[in-house]
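Position 6 of the sequence shown, counted from 1, bears residue number 111 in our numbering, the numbering being contiguous throughout. All C-beta atoms, glycine included, are put in the ideal place defined by N, C-alpha and C.
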Amino acid sequence: MSHSKTVKTKERILQLSLQLFNERGERSVTTNHIAAELNMSPGNLYYHFRNKNEIIKELMEQYQGETLEMLALPDDRPLDANDKIRYFQVLSSQLWAYRFLHRDVYHLVENNEDFRKMYPRFAGQVMQQGQKIYKAFVNAGLMEMTDSEIEALIINLWIVLTNWTNFLYMSGHITDSNHLEEKWVWQALRQMVFLEGAYLRGESRQTYEHLLETLGPSELFESLSSSKKHDAG
Numbered sequence: 106m107s108h109s110k111t112v113k114t115k116e117r118i119l120q121l122s123l124q125l126f127n128e129r130g131e132r133s134v135t136t137n138h139i140a141a142e143l144n145m146s147p148g149n150l151y152y153h154f155r156n157k158n159e160i161i162k163e164l165m166e167q168y169q170g171e172t173l174e175m176l177a178l179p180d181d182r183p184l185d186a187n188d189k190i191r192y193f194q195v196l197s198s199q200l201w202a203y204r205f206l207h208r209d210v211y212h213l214v215e216n217n218e219d220f221r222k223m224y225p226r227f228a229g230q231v232m233q234q235g236q237k238i239y240k241a242f243v244n245a246g247l248m249e250m251t252d253s254e255i256e257a258l259i260i261n262l263w264i265v266l267t268n269w270t271n272f273l274y275m276s277g278h279i280t281d282s283n284h285l286e287e288k289w290v291w292q293a294l295r296q297m298v299f300l301e302g303a304y305l306r307g308e309s310r311q312t313y314e315h316l317l318e319t320l321g322p323s324e325l326f327e328s329l330s331s332s333k334k335h336d337a338g
């Protein structure tokens, strides 16, 4: 098999695996399912990946590389208020594109040794990059924060981002944790934007208010309140 054809086949396996893991949940998908969807023999799939954990490892590496690249600071200019929106959109889009990694994180940590090592390392890299980003916003006069406030905000943002689908499942907004509508991911963006609102200054304050208008009102609190009233009735 030629090198170019091998690479193309690996990419097809990864793309289809990501789609199935997102749609059905990682635990419900086997290598046989993946091979069948691709109309290839299991043996052909095993030529590229020895098992499902190897596929997950490569998807995690892909997610990690893409996310860190998207969170890089610009080399040729200081940060501006539009960068703030871009960074939040990157995180929300990546959460949607690789949602199975966060939705199934506890199972993956327990059952996948490579993932167990990679996930905390990736979390640390994202937080370190987040620290650089927020310090750059402070230096640009777009935010006013102490180092301790930056660290606390980054941890809170990470908690919201990585636990969002579990929150939606436990609060009844999705009845099956494998079926997540994209609108709920953008509600996560809304929550993250609110977390940093108190620290915004200058141009970023106007950008913040415009972004909230664009995102619209939250459906979460109202639906939870309505559910509580209905149960009481």
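Grab the span of the alpha helix (DSSP H) containing residue i for me, first residue to last.
i, result
"N156", "First-last for N156: undefined, no H or E at that position."
"R208", "204-208"
"E142", "136-142"
Hey, would you say residue i sits closer than 8 Å to residue j, going by beta carbons?
i, j, result
"L200", "A293", "yes"
"L316", "V298", "yes"
"R306", "E249", "yes"
"L213", "I264", "no"
"K113", "S309", "no"
"N261", "L300", "yes"
"L184", "A241", "yes"
"L121", "E142", "yes"
"H147", "N158", "With the sequence shown as reference, residue 147 is identified as Pro, and His is not the correct amino acid for it. For P147 and N158, no; Cβs fall outside 8 Å."
"L164", "L123", "yes"
"R132", "D219", "no"
Using the DSSP secondary-structure output, state which residues sit across from residue i in a beta bridge.
i, result
"L305", "M248"
Taking only beta-carbon atoms, is residue i less than 8 Å away from chain B?
i, result
"G130", "No chain B appears in the structure shown, which is made up of a single protein chain."
Nearest by alpha-carbon distance to residue i: which of the options is it?
i, options, result
"K115", "I139, R132, K237, T135", "I139"
"Q233", "E142, L164, L258", "L258"
"L343", "Y224, E256, V231, Q296", "For the chain, the structure presents residues 106 to 338; residue 343 sits outside this window and is missing."
"E166", "R221, F193, Y211, V134", "R221"
"Y192", "Y239, H278, T135", "Y239"
"E363", "S323, E324, G302, L325", "In the structure as shown, the chain starts at 106 and stops at 338, and residue 363 therefore has no counterpart that could be examined."
"N156", "N217, T312, Y304, S198", "N217"
"M275", "R226, D181, L325, G229", "L325"
"H278", "D181, E327, E256", "E327"
"L150", "D180, R182, R117, D181", "R117"
"V243", "Y304, T111, F154", "Y304"
"Q236", "T251, R226, P225", "T251"
Worksheet item: Hey, is the region 167-184 in contact with the region 267-275, meaning 3+ C-beta pairs nearer than 8 Å?
Response: no
Discussion item. Under 8 Å, with one C-beta from each stretch per pair, do the region 180-188 and the region 227-247 reach the 3-pair mark?
Written reply: yes
Worksheet item: Any contact of the region 122-135 with the region 205-212, i.e. 3+ C-beta pairs under 8 Å?
Response: yes
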